[in-house]
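Engineer: Would you mind keeping the following structure in view while I ask a few things?
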Amino acid sequence: MVLFMNNNEEIIKLLKKKEDFISGAEIANTLKITRTAVWKRINFLRNTGYIIDASTRKGYKLLKSPDLSIEEIKSAILGQSNIIGKDIIFFDTIESTNTYAMKLADTGCPEGTVIIADAQTGGKGRLGRKWLSPHGKNLYMSVVLKPAIPPKDASLLTLMSAVACASAIKQVSSLHVSIKWPNDIMTCNKKLGGILTEIKADMDRIFHAVIGIGININLDINDIPDEIRTTATSIKIEQDIAAFSRSIVTAEIIKELDRWYSIFLQNRRKAIIKEWLKLSSTIGRVVKVTVGANTFTGIAETIDEEGMLILRLSDNTTKKISAGDVTI
Ligand code: BTN
Numbered sequence: 000m001v002l003f004m005n006n007n008e009e010i011i012k013l014l015k016k017k018e019d020f021i022s023g024a025e026i027a028n029t030l031k032i033t034r035t036a037v038w039k040r041i042n043f044l045r046n047t048g049y050i051i052d053a054s055t056r057k058g059y060k061l062l063k064s065p066d067l068s069i070e071e072i073k074s075a076i077l078g079q080s081n082i083i084g085k086d087i088i089f090f091d092t093i094e095s096t097n098t099y100a101m102k103l104a105d106t107g108c109p110e111g112t113v114i115i116a117d118a119q120t121g122g123k124g125r126l127g128r129k130w131l132s133p134h135g136k137n138l139y140m141s142v143v144l145k146p147a148i149p150p151k152d153a154s155l156l157t158l159m160s161a162v163a164c165a166s167a168i169k170q171v172s173s174l175h176v177s178i179k180w181p182n183d184i185m186t187c188n189k190k191l192g193g194i195l196t197e198i199k200a201d202m203d204r205i206f207h208a209v210i211g212i213g214i215n216i217n218l219d220i221n222d223i224p225d226e227i228r229t230t231a232t233s234i235k236i237e238q239d240i241a242a243f244s245r246s247i248v249t250a251e252i253i254k255e256l257d258r259w260y261s262i263f264l265q266n267r268r269k270a271i272i273k274e275w276l277k278l279s280s281t282i283g284r285v286v287k288v289t290v291g292a293n294t295f296t297g298i299a300e301t302i303d304e305e306g307m308l309i310l311r312l313s314d315n316t317t318k319k320i321s322a323g324d325v326t327i
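Following this line, the structure appears as structure tokens:
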């Protein structure tokens, strides 16, 4: 289902700004639409989960916003994102937003198109793993990008996305958020989220890349299976509050992605690597890296321009690692 309704985001902004009742005439004048159009849009918003009080004398008052909706996300990013999130496609349930986004990009869609689902039945993680994707709890989002770069530079897109996600979560919560190589979003030594980048490319250039972002927002401890309970967490668990607005977290991630993608397009690689290193919880520490059946122990010295981890081994040689699992 694709929803794009003009003025809905502006109405939400006006309702939120006012806090009290705002008259239909004031909304109509501000948005230069008729009062009947205002009424129709208020009804549309009610159907998408907004609870809005209406009084013939006083007008409209927003009582409650839905936890995750296109309108809520769009009203929070209004005018603050250039490429990412102009088109947002929302599914109640889908197999995987990444799989859908890769197919959509094949048939042609604007750069920056965002796919969001409330649940995934086949959520994909890194290294062929499954991604826990229950209904109504988390963010499952994929973004289609079309940068004119060779495939070897795709890992920089992942680093950039990890920086954007970590910065966004820091802004909307009071958590200490870090990045564990290559792209795990961490808090309190547990995984809050991850990024899965998929590309379609030939030898020389990328046709499109899909950045898949999964962030555990309102998972309760009981939603986390036993086998990952000591290693996974959510913003809600760590922040210890009733619930987080998933739309606000999503909007902040879209804004940060848009900002960091413009830095990427200006070819300012160093700025991305520098910020990644600043947010990293891996670099400078003794780590164990599992690559398939092999395990390497050493000091995580830095990452190179392609995002490879440089590990200093006990014999003082260095090893470049392109993919693996880090234990600190
Ligand atoms: C990881 O293993 O750390 C990466 C997890 C990426 C999960 C997200 S959820 C949205 C998108 N769709 C998927 O199937 N996977 C990614």
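For the sequence shown, numbering that gives the first Met the number 0 assigns the number 0 to the initial residue and increments by one for each residue that follows. All residues carry an ideal CB built from backbone N, CA and C; glycine is no exception. None of these values were measured; they are calculated from a predicted model.
Closest by CA to I88, which one among E197, N137, E70?
Structural biologist: Residue numbering aside, residue 88 sits at position 89 when the sequence shown is read from its first letter. Among E197, N137, E70, the Cα nearest to that of I88 is on E70.
Engineer: Excluding sequence positions up to five away, which residues of its chain have a Cβ less than 8 angstroms from the Cβ of K151?
Structural biologist: Within the sequence shown, numbered from 1, the residue matching residue 151 stands at position 152. The residues are E305.
Engineer: Fully enclosed by the region 150-222, which alpha helix (DSSP H) runs are 4 residues long or longer?
Structural biologist: Within the region 150-222, the complete alpha helix (DSSP H) runs of at least 4 residues are 153-171.
Engineer: Assign F3 to one of three DSSP states: helix, strand, or coil.
Structural biologist: Indexing the sequence shown from 1 puts residue 3 at position 4. Residue placement at F3 is flagged as unreliable, the pLDDT there being 37, under the threshold of 50; the coordinate-derived value follows with that caveat. Of the three classes helix, strand and coil, the one that applies to F3 here is coil, per DSSP.
Engineer: Considering only the alpha carbon of each residue, which of S321, G323, I298, A322 lies closest to R311?
Structural biologist: The residue labelled residue 311 in the question sits at position 312 within the sequence shown. Comparing Cα-Cα distances from R311 to each of S321, G323, I298, A322, the minimum goes to I298.
Engineer: Taking 8 angstroms as the threshold (beta carbon to beta carbon), is L62 in contact with chain C?
Structural biologist: The chain inventory of the structure shown lacks chain C, comprising one protein chain alone.
Engineer: Closest by CA to F345, which one among A75, I83, T106, T120?
Structural biologist: Since the first residue of the chain shown is 0 and the last is 327, residue 345 is not available in this structure.
Engineer: Look at the alpha carbon of L126 and the alpha carbon of D314, and state the distance between them as a whole number of angstroms.
Structural biologist: Along the sequence shown, read from residue 1 onward, the residue named residue 126 stands at position 127. Along the sequence shown, read from residue 1 onward, the residue named residue 314 stands at position 315. Roughly 29 angstroms separates the two Cα atoms.
Engineer: Determine the direct distance from the alpha carbon of A292 to that of S80, and round the result to whole angstroms.
Structural biologist: What you label residue 80 is simply residue 81 of the sequence shown in a count that begins at 1. What you label residue 292 is simply residue 293 of the sequence shown in a count that begins at 1. Going from the Cα of S80 to the Cα of A292 covers about 43 angstroms.
Engineer: Within 10 Å of its beta-carbon, does M140 have 16 or more other beta-carbons around it, so buried, or fewer, so exposed?
Structural biologist: The residue you call residue 140 lines up with position 141 of the sequence shown. By the neighbour-count rule (16 or more Cβ atoms within 10 Å), M140 is buried.
Engineer: Between which two residues does the beta strand (DSSP E) holding Q238 run?
Structural biologist: As a working note, residue 238 is residue 239 in the sequence shown. First-last for Q238: 234-238, but that is the alpha helix (DSSP H), not the beta strand (DSSP E).
Engineer: According to DSSP, simplified to helix, strand and coil, what is A118?
Structural biologist: Mapped onto the sequence shown, residue 118 falls at position 119. Strand.
Engineer: If contact is defined by three or more beta carbon pairs under 8 angstroms, each pair taking one atom from either stretch, is the region 105-125 in contact with the region 189-209?
Structural biologist: Cβ pair count under 8 angstroms is three or more, so yes.
Engineer: Using a threshold of 7 angstroms, is the CB atom of D366 nearer than that to any non-hydrogen atom of ligand 1?
Structural biologist: Outside the displayed span of the chain (0 to 327) sits residue 366, for which this structure offers no information.
Engineer: Check this for me: beta carbons of E197 and G213, under 8 angstroms apart or not?
Structural biologist: Looking up residue 197 in the sequence shown gives position 198. Looking up residue 213 in the sequence shown gives position 214. Result no, Cβ atoms of E197 and G213 do not sit closer than 8 angstroms.
Engineer: Quick one: any contact between the region 266-284 and the region 171-180, if contact means 3 or more CB pairs under 8 angstroms?
Structural biologist: Short answer: they touch.
Engineer: Quick one: give me the first and last residue of the alpha helix (DSSP H) that I247 is part of.
Structural biologist: Within the sequence shown, numbered from 1, the residue matching residue 247 stands at position 248. Unbroken alpha helix (DSSP H) run through I247: 245-264.
Engineer: Looking only at DSSP bridge pairs, what is N293 linked to?
Structural biologist: Position 294 of the sequence shown, counting from 1, holds the residue named residue 293. Bridge partners of N293: V290.
Engineer: Looking only at DSSP bridge pairs, what is V142 linked to?
Structural biologist: As a first step, residue 142 is located in the sequence shown; it is residue number 143 there, counting from the start. BP columns for V142 point to V113, I210.
Engineer: Classify Y99 as helix, strand or coil using the three-state DSSP reduction.
Structural biologist: Reading the sequence shown from its first residue, position 100 is the one you call residue 99. Residue state, collapsed to three classes: helix.
Engineer: Taking the beta carbon of R56 as the centre, do at least 16 other beta carbons fall within 10 Å, making it buried, or is it exposed?
Structural biologist: Within the sequence shown, residue 56 is the residue found at index 57, counting from 1. Result: exposed.
Engineer: At a threshold of 7 angstroms, does Y139 count as lining ligand 1 (C-beta to nearest heavy atom)?
Structural biologist: Taking the sequence shown and counting its residues from 1, one reaches residue 139 at position 140. Yes - ligand 1 has a heavy atom lying nearer than 7 angstroms to the Cβ of Y139.
Engineer: Determine the DSSP secondary structure at D91, reduced to helix, strand or coil.
Structural biologist: Within the sequence shown, residue 91 is the residue found at index 92, counting from 1. Strand, per DSSP.
Engineer: Whole angstroms is fine: what's the gap from K273's alpha carbon to N28's?
Structural biologist: Sequence index remark: in the sequence shown, residue 273 carries index 274 (1-based). Sequence index remark: in the sequence shown, residue 28 carries index 29 (1-based). Their backbone Cα atoms lie some 47 angstroms apart in a straight line.
Engineer: Taking three-plus beta-carbon pairs below 8 angstroms as touching, is the region 228-240 in contact with the region 153-162?
Structural biologist: As far as the Cβ criterion goes, the region 228-240 does not touch the region 153-162, which means the pair count is below three.
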